[in-house]
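Take the sequence shown: its position 113, counting from 1, is numbered 345 in my numbering, and each next residue is one higher. Report on the following structure.
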Amino acid sequence: MTLGKSGTCTHPFFYLTLNDVGAQDERPTLTIRYAQSIPWKGVLVIQITEEQTAQVKYLLEQSMQGNHILFDSKTLRRVLGTPPSSDASTSCVAHHIEKVMGLRQLAQKHAYLERLDARTYDQVVRSYFNIVENRLLESRGSAH
233 MTLGKSGTCT
243 HPFFYLTLND
253 VGAQDERPTL
263 TIRYAQSIPW
273 KGVLVIQITE
283 EQTAQVKYLL
293 EQSMQGNHIL
303 FDSKTLRRVL
313 GTPPSSDAST
323 SCVAHHIEKV
333 MGLRQLAQKH
343 AYLERLDART
353 YDQVVRSYFN
363 IVENRLLESR
373 GSAH
């Protein structure tokens, strides 16, 4: 996350929470909080299947270990090697993150991402890695 002079984020900040539900009649939820600064600008809560929950966890765990399944290494170097766009719309990017996480198959996720325009795609890549970074920080904090 890059902080501006005022202490606010200079690009969208995303935090993803997976809530496994114990009751049979309830479905797991995927909560995506997004903001240009804290406090949160918005929150998306979507219901997903247990299978989708497992897949989201798997994708994030793999990314946390350096195995980036959704994006190729050339794209990652290009996007993460450039400064973030200052005009990134958090609500627009959050919608795409929500859509990708909600798709069932990896091929569907790839197809959806490939249809995005270049600017939006780059913002989604950056936002996804913001989520991964926050998950890493969270896991390190809970290990102590």
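Just so you know, even glycine gets a beta-carbon here, dropped at the ideal spot from N, CA and C. As the structure is a computational prediction, the values presented were derived from the model and not from experiment.
- Judged by beta-carbon spacing, residue 302 lies beyond the 8 Å limit of residue 335, meaning their Cβ atoms are not closer than that value.
- Residue 308 sits close to residue 300, with the two beta carbons spaced by under 8 Å.
- In the structure shown, residue 327 adopts helical secondary structure according to DSSP, grouped into three states.
- About 17 Å separates the Cβ atoms of residue 325 and residue 288, ruling out a contact at the 8 Å cut-off.
- Residue 312: member of the alpha helix (DSSP H) spanning 305-312, first to last residue.
- Distance between residue 310 and residue 304, taken at the CA atoms: about 10 Å.
- In the structure shown, the three-state DSSP call for residue 355 is helix.
- For residue 282, the closest of 333, 369, 317 by C-alpha to C-alpha distance is 333.
- The beta-carbon separation of residue 295 and residue 364, rounded to 5 Å, stays under the 8 Å limit for a contact.
- Pairing residue 292 with residue 372 gives a Cβ-Cβ distance that is not under 8 Å.
- The residue from 369, 297, 370, 354 with its alpha-carbon nearest to that of residue 314 is 354.
- Per DSSP, reduced to three states, the secondary structure at residue 301 is coil, with no helix or strand assignment.
- The alpha-carbon of residue 341 is positioned some 17 Å away from that of residue 351.
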